[in-house]
Amino acid sequence: MYVYNTLTNKKEKFSPLEEGKVKMYVCGPTVYNLIHIGNARPMIVFDTVRRYLEYKGYEVTYVSNFTDIDDKIIKEAVKEGVPASTVSERYIKECKKDMTAMNVRPATKHPLATEEIDGMLEMIRTLINNGNAYTAKDGTVYFRTRSFKDYGKLSHKNLDELRSGNRELKVSGANQKEDPLDFVLWKPKKEGEPYWDSEWCEGRPGWHIECSVMSKRYLGDEIDIHAGGEDLIFPHHENEIAQSEAANKKPFAKYWMHNAFLNINNKKMSKSLGNFFTVRDISEKYDLQILRFFMLSAHYRSPLNFSEELMESAKNGLERIITAVDNLSRTAKGAAAEKISEEEKEKLSKIKEYADKFEAAMDDDFNTADAIAAIFEAVKFANIEITEKSSREFAKDILETILTETDILGLTVERKEESNAEIDALIKERQEARKTKNFARADEIRDILKEKGIALEDTKDGVKWKKIR
Numbered sequence: 093m094y095v096y097n098t099l100t101n102k103k104e105k106f107s108p109l110e111e112g113k114v115k116m117y118v119c120g121p122t123v124y125n126l127i128h129i130g131n132a133r134p135m136i137v138f139d140t141v142r143r144y145l146e147y148k149g150y151e152v153t154y155v156s157n158f159t160d161i162d163d164k165i166i167k168e169a170v171k172e173g174v175p176a177s178t179v180s181e182r183y184i185k186e187c188k189k190d191m192t193a194m195n196v197r198p199a200t201k202h203p204l205a206t207e208e209i210d211g212m213l214e215m216i217r218t219l220i221n222n223g224n225a226y227t228a229k230d231g232t233v234y235f236r237t238r239s240f241k242d243y244g245k246l247s248h249k250n251l252d253e254l255r256s257g258n259r260e261l262k263v264s265g266a267n268q269k270e271d272p273l274d275f276v277l278w279k280p281k282k283e284g285e286p287y288w289d290s291e292w293c294e295g296r297p298g299w300h301i302e303c304s305v306m307s308k309r310y311l312g313d314e315i316d317i318h319a320g321g322e323d324l325i326f327p328h329h330e331n332e333i334a335q336s337e338a339a340n341k342k343p344f345a346k347y348w349m350h351n352a353f354l355n356i357n358n359k360k361m362s363k364s365l366g367n368f369f370t371v372r373d374i375s376e377k378y379d380l381q382i383l384r385f386f387m388l389s390a391h392y393r394s395p396l397n398f399s400e401e402l403m404e405s406a407k408n409g410l411e412r413i414i415t416a417v418d419n420l421s422r423t424a425k426g427a428a429a430e431k432i433s434e435e436e437k438e439k440l441s442k443i444k445e446y447a448d449k450f451e452a453a454m455d456d457d458f459n460t461a462d463a464i465a466a467i468f469e470a471v472k473f474a475n476i477e478i479t480e481k482s483s484r485e486f487a488k489d490i491l492e493t494i495l496t497e498t499d500i501l502g503l504t505v506e507r508k509e510e511s512n513a514e515i516d517a518l519i520k521e522r523q524e525a526r527k528t529k530n531f532a533r534a535d536e537i538r539d540i541l542k543e544k545g546i547a548l549e550d551t552k553d554g555v556k557w558k559k560i561r
């Protein structure tokens, strides 16, 4: 199995630090609002990487944090007139709902930055004692970038180039820095902000130190894979390396993986352009399994363009697989012939060939696009070869192959049929809840139906429902 390593700019044979085990850290979202579809890409991509590593027999410890203290969170809290923790706790809960709907499995550990302050203070002290950090007059602690000789090895930039290109950097507090490239480890509180006590000042951590500390606590000084979006390569991941290696005196991560950007109709997603979509927005129109399928239809290192046309194409593609699985399931349960024939045994060699293609694609830096192409070959084969005369065993073997592969990709392809009676009963209960002003229950029922792929529409003729997948 080969992995493209951003650190070396090449594919490398995957060899974990400890045989049979993988320690993996993925940078999670800052929770000040509902997650957007740009956040969804690394969640889906690296969940799939984890699933494939586990399929290959590795024991994976998967850590993905929530940044629950940040300027954006504080700004939202001030706007609402509530504590920052109220905002972060709300959106962590909502994020987990979206992750479940996208079939993103919970991490082994989801650490919160605010619960790891002691570890951050300890690492900052170590960096100061090692001469890698210093304290300014106002209590801000900065990392002394030039003290780490390998700074720039991930982004492949050298310090002199960075210094001449300061437009890339936010040079806040430059007047009290030893060097414009030095970055914040700890900063003083502002009026009304959450803060923690330290020997330097009442304040809070810088963003970069959070991930270094959370990775260290739950995975150790050295890890196998550190991953995230390519927008994190510089400065976030570059700064993580500098902090972690300066403090721990060991290589931080062996492999660095980064997914490419997601554009909307060939433009960068932004609220000002009106092309900003949350995952929840997409769920109003599409089952989020379609979003997952769409995300995996391109290689994770390729830029991905989101559009309604491409989502419709993904919907149709996923439906082809679901329909084939339906047909195979029926044959596997109800075919007249039970035992596989000699002719069918020979035909199964093609399924083995497609399965080998799937695995070869995933072994080549997790090429999900080619892996899906191999699944479609198996689907086409099944559509041609499965007939009324097919045996149960033949259908079952093909079915198990497709289900194994789609499960690795995190795709749910076994259709869950809901009877009209069940849906109508839930809608009736919702109507009663609304009449009695039990709006919490009414909203809960709407969410239950949405998870089942049912969208409700309140009209003058009553409540109408339709499938959204």
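For the sequence shown, this note's numbering assigns the number 93 to the initial residue and increments by one for each residue that follows.
Every residue, glycine too, gets a C-beta built ideally from N, C-alpha and C.
Worksheet item: What's the call for Asn101, buried or exposed, on a 16-neighbour Cβ count within 10 Å?
Response: Counting from 1 along the sequence shown, the entry for residue 101 is found at position 9. So Asn101 ends up on the exposed side.
Practice prompt. Sort out for me which residues DSSP pairs Ala345 with in a bridge.
Written response: Position 253 of the sequence shown holds residue 345. Bridge partners of Ala345: Ile315.
Worksheet entry | Secondary structure of Asn331, DSSP reduced to three states | Here residue 331 is taken as the residue at index 239 of the sequence shown, counted from 1. If DSSP states are grouped into helix, strand and coil, Asn331 belongs with the helices.
Discussion item. Quick test of your reading: Glu208 and Arg309, contact by CB under 8 Å. State the CB separation rounded to the nearest angstrom.
Written reply: One-based indexing of the sequence shown puts residue 208 at position 116. One-based indexing of the sequence shown puts residue 309 at position 217. Contact flag correct, Cβ pair sits at about 6 Å.
Worksheet entry | Pairwise C-alpha distance: Val114 and His350 | Working through the sequence shown from its first residue, we reach residue 350 at position 258. Working through the sequence shown from its first residue, we reach residue 114 at position 22. In a straight line, the C-alpha of His350 is about 17 Å away from that of Val114.
Worksheet item: Between Ile317 and Thr153, what straight-line distance do the alpha-carbon atoms span, to the nearest angstrom?
Response: Here residue 317 refers to the residue found at position 225 when the sequence shown is read from its first residue. Here residue 153 refers to the residue found at position 61 when the sequence shown is read from its first residue. Taking the straight line from one Cα to the other gives about 10 Å.
Worksheet item: To which residues does DSSP link Pro280 through a beta bridge?
Response: The residue labelled residue 280 in the question sits at position 188 within the sequence shown. Gly295.
Discussion item. Nearest by alpha-carbon distance to Arg384: which of Arg197, Gly112, Leu126 and Glu151 is it?
Written reply: Here residue 384 corresponds to residue number 292 of the sequence shown, with the count starting at 1. Comparing Cα-Cα distances from Arg384 to each of Arg197, Gly112, Leu126 and Glu151, the minimum goes to Arg197.
Worksheet item: When you compare only the Cα positions, how much space is there between Leu440 and Gly112?
Response: Mapped onto the sequence shown, residue 440 falls at position 348. Mapped onto the sequence shown, residue 112 falls at position 20. Roughly 31 Å separates the two Cα atoms.
Discussion item. So, with DSSP's three-state summary, where would you put Leu273?
Written reply: Locating residue 273 in the sequence shown gives position 181, where the first residue counts as 1. It is coil, neither helix nor strand.
Discussion item. I need the straight-line Cα distance from Ile216 to Gly321, nearest angstrom please.
Written reply: Within the sequence shown, numbered from 1, the residue matching residue 216 stands at position 124. Within the sequence shown, numbered from 1, the residue matching residue 321 stands at position 229. Distance between the alpha carbons of Ile216 and Gly321: 26 Å.
Worksheet item: In chain order, what residues of the same chain have a beta carbon less than 7 Å from the beta carbon of Met212, not counting five sequence neighbours either side?
Response: For the purposes of this step, residue 212 is taken as the residue at position 120 of the sequence shown. Same-chain partners within the cutoff: Pro297, Ile301, Glu302 and Val305.
Worksheet item: Excluding sequence positions up to five away, which residues of its chain have a Cβ less than 6 Å from the Cβ of Leu603?
Response: Here the chain comprises residues numbered 93 to 561, so residue 603 is not present and cannot be evaluated.
Discussion item. Can you look up Ala390 in the DSSP assignment and give me helix, strand or coil?
Written reply: Position 298 of the sequence shown, counting from 1, holds the residue named residue 390. Three-state DSSP puts Ala390 in coil, outside helix and strand.
Practice prompt. Under the assumption that Gly130 contacts Leu388 (Cβ atoms under 8 Å), give the Cβ distance between them as a whole number of angstroms.
Written response: Indexing the sequence shown from 1 puts residue 130 at position 38. Indexing the sequence shown from 1 puts residue 388 at position 296. So it is not a contact: roughly 16 Å between Cβ atoms.
Item to complete: Ignoring anything shorter than 4 residues or poking outside the segment 480 to 542, list the alpha helix (DSSP H) runs there in chain order.
Response: 484 to 500 and 512 to 527
Discussion item. Using the three-state DSSP reduction, which class does Gly320 fall into: helix, strand or coil?
Written reply: As a first step, residue 320 is located in the sequence shown; it is residue number 228 there, counting from the start. DSSP places Gly320 in strand when its eight states are reduced to three.
Worksheet item: Any contact of the segment 537 to 548 with the segment 511 to 521, i.e. 3+ C-beta pairs under 8 Å?
Response: yes
Fill in: Residue range of the unbroken alpha helix (DSSP H) whose run includes Ile356
The sequence position of residue 356 within the sequence shown is 264, counting from 1. Here Ile356 belongs to no alpha helix (DSSP H); instead the beta strand (DSSP E) covers Leu354 to Ile356.
Worksheet item: In this structure, does DSSP put Asn351 in helix, strand or coil?
Response: Counting from one through the sequence shown, the residue named residue 351 turns up at place 259. It is a strand residue.
Worksheet item: Can you give the Cα-Cα distance for Lys167 and Asn367, rounded to whole angstroms?
Response: Sequence index remark: in the sequence shown, residue 167 carries index 75 (1-based). Sequence index remark: in the sequence shown, residue 367 carries index 275 (1-based). Whole-angstrom Cα-Cα distance: 23 Å.
Discussion item. Could you pull the DSSP bridge partners for Val598 from this structure?
Written reply: With the chain represented from 93 up to 561, any question about residue 598 goes unanswered, as that position is not in the structure.
Item to complete: Note down the Cα distance separating Thr415 from Val471, rounded to an integer number of angstroms.
Response: Looking up residue 415 in the sequence shown gives position 323. Looking up residue 471 in the sequence shown gives position 379. Roughly 9 Å between the two C-alpha positions.
Worksheet item: Going by the CB atoms, is the gap between Ala463 and Ala88 shorter than 8 Å?
Response: Past the boundaries of the shown model lies residue 88; the chain is included only from 93 to 561, so the question cannot be answered.
Discussion item. Here's the rule: buried if 16 or more other CB atoms are within 10 angstroms of the residue's CB, otherwise exposed. What is Lys407?
Written reply: What you label residue 407 is simply residue 315 of the sequence shown in a count that begins at 1. By the 10 Å Cβ count, Lys407 comes out buried.
Worksheet item: For the candidate residues Glu434, Tyr183, Asp489 and Glu151, whose alpha-carbon lies nearest to that of Glu110?
Response: In the sequence shown, counting from the first residue as 1, residue 110 sits at position 18. Considering only alpha carbons, the answer is Glu151.
Discussion item. Using only the alpha-carbon positions, how far apart do Gly545 and Lys201 sit?
Written reply: Walking along the sequence shown from the start, residue 545 turns up at place 453. Walking along the sequence shown from the start, residue 201 turns up at place 109. Distance between the alpha carbons of Gly545 and Lys201: 29 Å.
Fill in: Supposed close pair Asn224, Phe240 - CB separation, criterion 8 Å
Position 132 of the sequence shown, counted from the start, is the residue given in the question as residue 224. Position 148 of the sequence shown, counted from the start, is the residue given in the question as residue 240. That pair is a contact at about 7 Å.
Worksheet item: With Ile467 and Phe450 assumed to form a contact (beta carbons below 8 Å), what rounded beta-carbon distance in angstroms separates them?
Response: For this step, residue 467 is matched to residue 375 along the sequence shown. For this step, residue 450 is matched to residue 358 along the sequence shown. With 8 Å as the limit, Ile467 and Phe450 qualify as a contact, their Cβ atoms being about 7 Å apart.
Worksheet item: What three-state label does DSSP hand Asn97 in the structure shown?
Response: The sequence position of residue 97 within the sequence shown is 5, counting from 1. Strand, per DSSP.
Item to complete: With a threshold of 16 other CB atoms inside 10 Å of the CB of Phe531, please say whether the residue is buried or exposed.
Response: For the purposes of this step, residue 531 is taken as the residue at position 439 of the sequence shown. The residue is exposed, with fewer than 16 neighbouring Cβ atoms inside 10 Å.
Worksheet item: Taking DSSP as the reference, what is the three-state secondary structure of Lys201?
Response: Within the sequence shown, numbered from 1, the residue matching residue 201 stands at position 109. It is a strand residue.
Item to complete: Below 8 Å on the Cβ atoms is my guess for Ser180 versus Val95; work out the distance and round it to an integer in Å.
Response: For the purposes of this step, residue 180 is taken as the residue at position 88 of the sequence shown. For the purposes of this step, residue 95 is taken as the residue at position 3 of the sequence shown. At roughly 33 Å, the Cβ-Cβ gap does not stay under 8 Å, so Ser180 and Val95 are not in contact.
Worksheet item: With distances taken between CB atoms, is the gap from Tyr392 to Phe458 smaller than 8 Å?
Response: Numbered from 1 along the sequence shown, position 300 holds the residue referred to as residue 392. Numbered from 1 along the sequence shown, position 366 holds the residue referred to as residue 458. Closer than 8 Å, so yes.
Worksheet item: Which word fits Arg133, buried or exposed, when buried means at least 16 other C-beta atoms lie within 10 angstroms of its C-beta?
Response: On the sequence shown, position 41 is the one that residue 133 refers to. Classification for Arg133: buried.
Discussion item. Please report whether the beta-carbon of Thr98 lies at a distance below 8 Å from any beta-carbon of chain D.
Written reply: Looking at the structure shown, chain D is missing, and only one protein chain is on hand.
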